[in-house]
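This report refers to the structure that appears directly beneath it.
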Amino acid sequence: MSNLLEINNQEVVAKANCTLVAYSTKSVAVFGDTQPIINQLKEMGGSFNSRLTLNGKKVEGWIFPKSKEPRLAYYFGLD
2 MSNLLEINNQ EVVAKANCTL VAYSTKSVAV FGDTQPIINQ LKEMGGSFNS RLTLNGKKVE
62 GWIFPKSKEP RLAYYFGLD
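Throughout the sequence shown, residue numbering follows the working numbering, covering 2 to 80 in sequence.
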């Protein structure tokens, strides 16, 4: 079962000024004020990307394999 909510055909959860999104069938992404948690995102296997797309706009964010979703959900308190 996914820990993400579906909003406008995207699965999204907002928590602590960050948004967890089911970015594609194989990945999830974290957008928002990630500066305070950069080290944690790196440790969880994320890769920073300055050219992701969210709601038709180019934005910065962290991309993760879909397999990391349970760990991210736990980190953001969504489990």
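C-beta: ideal position from N, C-alpha, C; glycine also.
Practice task
Work out the CA separation of methionine 45 and glutamate 7 for me, nearest whole Å.
Solution key: At glutamate 7 the pLDDT is 45, less than 50, meaning the model places this residue with poor confidence and gives no usable figure here.
Exercise for the section: Take arginine 52 as the anchor and find which of Ile64, Lys43, Gln41 has the nearest alpha-carbon. Expected result: When Ile64, Lys43, Gln41 are compared, the shortest CA-CA separation from arginine 52 is found for Ile64.
Practice task
Use the C-beta contact count for isoleucine 38: other C-beta atoms within 10 angstroms, 16 or more gives buried, fewer gives exposed.
Solution key: Result: buried.
Handout entry: Whole-angstrom distance between phenylalanine 49 and serine 25, CA atom to CA atom
Key = Each residue's CA atom was taken as its position, placing serine 25 and phenylalanine 49 some 16 Å apart.
Practice task
Could you work out which residue in Lys27, Gly62, Leu21 is closest to glutamine 36 when comparing CA atoms only?
Solution key: Looking at the Cα atoms, Gly62 is the closest of the given residues.
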